[in-house]
Amino acid sequence: MAQRFMSAGACNPQQQQRYGAGGIGVPGPSNAAVMRPYGPAPGAFGGRGGYMPQPPMGHGSHLGPQSHHQRPMHGGYLGGGIGSGAGGAGMRSSPMSGGSSGGKRGGDRNAAHQKHSGEYQAKRRRKLADKILPQKVRDLVPESQAYMDLLAFERKLDATITRKRLDIQEALKRPMKQKRKLRIFISNTFYPGREDRADGEHGCHGVPVGAGGAPGDPSSVASWELRVEGRLLEEGKSEAGKTKRKFSSFFKSLVIELDKELYGPDNHLVEWHRTHQTQETDGFQVKRPGDRNVRCTILLLLDYQPLQFKLDPRLARLLGVHTQTRPVIISALWQYIKTHRLQDAHEREYIVCDKYLEQIFGCPRMKFAEIPQRLSPLLHPPDPIVINHVIAVEAGAAQDGGTGNKQTACYDIDVEVDDSLKQQMSNFLMSTASQQEIQTLDSKIHDTVETINTLKTNREFYLSFAKEPHTFTHRWIVSQTRDLKAMTDVVGNPEEERRAEFYYQPWTQEAVSRYFFTKVNQKRAELEQSLGIRNS
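The letter at position 202 of the sequence shown is residue 202 when you use UniProt numbering, and the numbering goes up by one with no holes.
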C-alpha cells in the first residue's frame, strides 16, 4: 500500500510561370492539360506540336493552303524579350547564356510543373464530372433519373459532412471542459506505542523506531499516519476500461499545516508543488509521532487548464463572475459595456466608463485595446480549497485493544476535466476507414459510367450507319483521312482535294494498283497459312 503513495514530507525538485516554348500570341504552355466534362473546347490545344482543326466539308475556302500546319513563333521568353530567335532583333538575354537556352530550361521546368497540375486537374475533373450520365442516356433510359437523384443527394450529404467537419475542427480549437465531482478521502491511522516490543522489532514500513524516534531504541513511541487520496465519481461503463487519472494531476500544490504548538515552527508544514519533472501519484501520506488529537488544515490548489483568475471583489460583483479564464472575463466585461451602451458614439474604439468602471479602472475613458492591460492588476490567483481536519488518535487508541485503527472522512469538490466528446470528435476527424471504402465505391461508379458512355458511343455509331449507310460511310472516310493527315504530318490542299479532277491524275491509277496488289498478297498469305501451304 505504501508504494502507491508519494511521501509529502519534502518538496519535489523543478514566381509567376514562364514558358520557354511560347511567344507573343501563344495561347498557353505547349503541353497544358485542359480537361472538360465532355471533351476539349475549341482552341484548347495550342503551342508547339498542336494543329488547327480542319474546316468542315465545303467550307475550306476561307483557309489558305497548309494553314493547319502553321506553328507559333518561339521567342525565348525566359531571359529574353520579343524576338524571332537567338540573336534576333530586340532580343534581351543574360551575358552568361543566350535567350534560347534560357527558354529551353524554362520550358523543361514548366513542363514538369504543368504535368503535375495536369494530373491534379484530371483527377479533380474525374471526381466532379465522370459520375454524371449524359443527357442522351437519361432520355434513352428513364430509370437513370433515380441515379441522378442519388447523385444530387450525395452532393448535399458531402457538403453537410464537410461543413460539420469544419465545425468540429473549430470546436477542437476551443477548450472543452465538463464539471465532475472529485471525492477526496482523508484518513488517519494511529499506531500506539508498545513498551514490551522486543529489541530489533521493526515499526511501520520496516523502519526501527526507538524512543524519541531514535533507531534501535527498544521503547517505541506512538505515531499517526495521514493519507490524502481521491477519485472521480459518476464514472460510466464506457470509462471503465480507460486509464484512470491520477489524483495528483488535479492539483498544482498541496499544503498540510499541522498544529504549530505541537510540532514547532520548523516541522509543522508539509508541502508539495508541481514541477516539470513531477510524477503523478494516487495520493499523499504524512507520518508523525504523537498520541494526541491534532488539528490540521489542508490547502489544495487546483491545476486549472487553461489558467483561471480570481477577480477583484468590486469587478466580480459588477460582472457576476468570481473565478474564470481571461477570455471569459473580457467577454463578460464587453457584454456589460454593450448592455449599458458605454461605447463612445463618435470614437467607437473608446469606452466611456460609468461610475462603477471609473472606480475600478481609475479613469473616465479608455480604449478598448487597453482593457487587457488594465485588467491585469485586477486578476489574482484563485483561492485554494481549504479543508479543516482533526487527526483523532485518542478514539483510535481506545478501540481494538490499542491496535491501529483507521478513520476516514470524505469531501466532494468540483473539478473540470476534458470532455469525453472531444476525444470522439478527434477520432472522427482522424478516421480513414470509411474514406477508403468510399474511394473504392467511387472508382466502381466511374468505371460503370465510363462503360455506359462507351456503349452510348457504339450505339450512336451503329444507329447512324443503319439509318444512312452512304452518308455515314462518306463522313467516316473524311474523318479518318483528316486524322491520318494529322498523325502523319502529310501536307495537303483541301481546296484541290475536294474537287473530282484531283482524283483523275495519273498517280491515282498507280495508287489503286498498288493498293489491290497489297490486298491480294495479304489474302493469299492468309489462305496459305490456313491451308498449311508454305512457299519453298
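Ideal Cβ placement from N, Cα and C applies to all residues, glycine included. Just so we're clear, the structure is a prediction, and the values are computed from it rather than from any experiment.
Check: Out of Glu437, Phe190, Gln436, point me to the one whose CA is closest to alanine 392's CA.; Outcome: Phe190
Check: So, for lysine 252: in the same chain, excluding its five sequence neighbours on each side, which residues have a beta-carbon less than 6 Å away from its beta-carbon?; Outcome: Arg274, Leu301, Asp303
Check: Give me, in chain order, the residues of the same chain whose beta-carbon lies closer than 6 Å to that of valine 417; leave out the 5 immediate sequence neighbours on both sides.; Outcome: Arg180
Check: What span of residues does the alpha helix (DSSP H) with proline 306 cover, start to end?; Outcome: Run containing proline 306: none; DSSP gives neither H nor E here.
Check: Taking DSSP as the reference, what is the three-state secondary structure of threonine 162?; Outcome: helix
Check: Measure the C-alpha to C-alpha separation of isoleucine 298 and isoleucine 186 and round it to an integer number of angstroms.; Outcome: 10 Å
Check: On the three-state DSSP scale, how would you describe methionine 430?; Outcome: helix
Check: For the pair the region 410 to 429 and the region 159 to 170, tell me if three or more CB-CB distances fall below 8 Å.; Outcome: yes
Check: Please report the distance separating the alpha-carbon of alanine 433 from that of glutamine 439.; Outcome: 10 Å
Check: Under 8 Å: do the region 343 to 358 and the region 379 to 386 share three or more Cβ pairs, one atom per stretch?; Outcome: no
Check: Are leucine 379 and leucine 311 closer than 8 Å when you measure CB to CB?; Outcome: yes
Check: For cysteine 204, which residues from the same chain have a beta carbon less than 8 Å from its beta carbon, with the 5 sequence-adjacent residues on both sides left out?; Outcome: For cysteine 204, the predicted structure reports a pLDDT of 37, less than 50, and the residue's modelled location is therefore unreliable. The matter cannot be settled from this model.
Check: If residue 561 sits next to valine 294, beta carbons under 8 Å apart, how far is it from one beta carbon to the other, in whole angstroms?; Outcome: Nothing about residue 561 can be read from this structure; the chain reaches only from 1 to 536.
Check: If I measure Cβ to Cβ from arginine 314 and keep anything under 6 Å in the same chain, skipping five residues before and after, which residues do I get?; Outcome: Ile360
Check: Leaving out five residues before and five after serine 464 in sequence, what residues of the same chain have Cβ atoms less than 8 Å from its Cβ?; Outcome: Phe472
Check: Compare the beta carbon distance of glycine 230 and isoleucine 161 with 8 Å and say whether it is the shorter of the two.; Outcome: no
Check: Check the DSSP bridge columns for serine 223 and list the partner residues they point to.; Outcome: Tyr191, Pro289
Check: Helix, strand or coil: which one does DSSP assign to leucine 379?; Outcome: strand
Check: Just confirm the distance between the C-beta atoms of leucine 182 and valine 415, as a whole number of angstroms; I'd bet it's less than 8 Å.; Outcome: 5 Å
Check: Looking at the structure shown, is arginine 36 part of a helix, part of a strand, or coil, going by DSSP?; Outcome: For arginine 36, the predicted structure reports a pLDDT of 37, less than 50, and the residue's modelled location is therefore unreliable. A value from the coordinates is still provided. Coil.
Check: Looking at the secondary structure, which residues open and close the alpha helix (DSSP H) in which arginine 509 lies?; Outcome: One detail in the question is off: residue 509 reads as glutamine in this sequence, not arginine. Note, glutamine 509: alpha helix (DSSP H), 506 to 531.
Check: Around the C-beta of serine 443, are 16 or more other C-beta atoms found within 10 angstroms, so that it is buried, or is it exposed?; Outcome: exposed
Check: Using only the alpha-carbon positions, how far apart do glutamate 257 and valine 228 sit?; Outcome: 13 Å
Check: At a cut of 8 Å, does the region 450 to 470 reach the region 133 to 150 through at least three beta carbon pairs?; Outcome: yes
Check: Give the DSSP-derived three-state secondary structure of aspartate 447 in the structure shown.; Outcome: helix
Check: Identify whether histidine 322 lies in helix, strand or coil by the three-state DSSP scheme.; Outcome: coil
Check: Looking at C-alpha atoms only, which residue of His474, Pro372, Leu233 is the closest neighbour of arginine 326?; Outcome: Pro372
Check: Could you pull out every residue in the same chain whose Cβ sits closer than 6 Å to the Cβ of lysine 422, ignoring the five residues on either side in sequence?; Outcome: Met176
Check: I need the boundaries of the alpha helix (DSSP H) containing valine 255, first residue and last residue.; Outcome: Note, valine 255: premise wrong, no alpha helix (DSSP H); beta strand (DSSP E) at 251 to 257.
Check: Going by DSSP, what residue range makes up the alpha helix (DSSP H) through valine 490?; Outcome: Here valine 490 belongs to no alpha helix (DSSP H), and DSSP marks it neither H nor E.
Check: Less than 8 Å between C-beta atoms, sequence neighbours within five positions excluded: which residues of the same chain meet that for glutamate 450?; Outcome: Asp130
Check: In terms of alpha-carbon separation, which member of His470, Ser420, Lys173 lies closest to threonine 243?; Outcome: Ser420
Check: Beta strand (DSSP E) containing valine 386: first to last residue?; Outcome: 385 to 391
Check: Expressed to the nearest angstrom, what Euclidean distance is found between the alpha-carbon atoms of tyrosine 411 and leucine 232?; Outcome: 12 Å
Check: Determine, using beta carbons only, whether serine 144 and leucine 133 come nearer to each other than 8 Å.; Outcome: yes
Check: Label phenylalanine 517 either buried or exposed according to how many other C-beta atoms from any shown protein chain fall within 10 Å of its C-beta, with 16 as the threshold for buried.; Outcome: exposed
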